[in-house]
Structures are given as structure tokens and as C-alpha cells.
Amino acid sequence: MYPDHTHHPPAERTIEVHHPTPLPPAAVTPMPVVPVQPGTVPAVASIVLPDGRVVTGYAIEHPQPAPVAAPPAVSRAAVNVALGGVGFLAVCGGLLLLTSFIAALTAFITQLIILAAVVFGGWIAVQVLGASSHQAGTTVHIRKAVIKRNHFHG
């Protein structure tokens, strides 16, 4: 076995040297890569170079510019202001209903307190005035008296 690990002596080997042939620079602008939709296979194109070589690859379609969207008829700021106004009116209406409810509840509670005071006051009056007629004690009859010179004649 030889030092280069072959079975041939060094004189019998032939050396082949390959030199790449440079391609002339093309004056072509690079095209952007276009994404391919899934399920579709792009067409394959072949180009014959002047020296007879054939280059095969996928055809790249030129990207289309995105269509320019027309500006909306109403600006977003105007829409936001209008929506804010509608929300403000809804809140004001709710606050008006809330204050009306609180005022009605206050009036109802006030009427309940007045009714309780009248009923309780009437009960107390009946207890005080009615108890004096049923009370047992001394009855005093006042007769017509004649008072002469600081003397009582009865």
C-alpha cells in the first residue's frame, strides 16, 4: 500500500484539474421573491445561453403593486367624535334617571317618616288624654261661691 492509500504507484496516477468557466456579469436587476400560494406549482422556464448551455428554473412573476385605497368619505376623527357624543348622551340619560330615582326614593322615605310620626303621635295623644278619664281619684265639684271682703262663703 502506498502513502496516499491507493493501490497505484504515484507515477501511474493522472491528475485532472477542473477550472470553472466564469459567466459574464448580467445587467439584470434582481427580482424580489414572490411567495407561491399553497397547492399551485409555478411554471418551469428554460433559457439557452449564448455558449449553448441551458439554464432551467422557475418563472418568477413580477409583483403587482398594491392597489391604492381611496380615502374614506368621513374621517376617523369625525366618527370618533360622533361616537363619543352618543356615549356622553347615553351616560347623561342614565345619570338623569339615577337622580330621578334618588329623588323619588327620598320623597318616599320622608312620607314614611311623617306617617310614622302622625300615627305614633296620635297613639301617644290617645294614651295621655284617654288615661285621665279612667283614672280613679277624688272628684271636686266647683260651686258658685260668693267672696265678700276676703272671706269665702260657700
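Numbering (the working numbering), first residue to last: -3 to 150. Every residue gets a Cβ at the ideal spot worked out from N, C-alpha and C, and that includes glycine.
What three-state label does DSSP hand I11 in the structure shown?
Note: I11 maps to coil in three-state DSSP.
In the DSSP assignment, what are the bridge partners of S42?
T52
Just the C-alpha distance for A86 and G80, rounded to the nearest angstrom, thanks.
Roughly 10 Å separates the two Cα atoms.
If you reduce the DSSP assignment to three classes, tell me which class Q60 lands in.
coil
Identify whether V70 lies in helix, strand or coil by the three-state DSSP scheme.
coil
Assign T102 to one of three DSSP states: helix, strand, or coil.
DSSP places T102 in the helix class (H, G or I) of the three-state scheme.
Does DSSP put L19 in a helix, in a strand, or in coil?
coil
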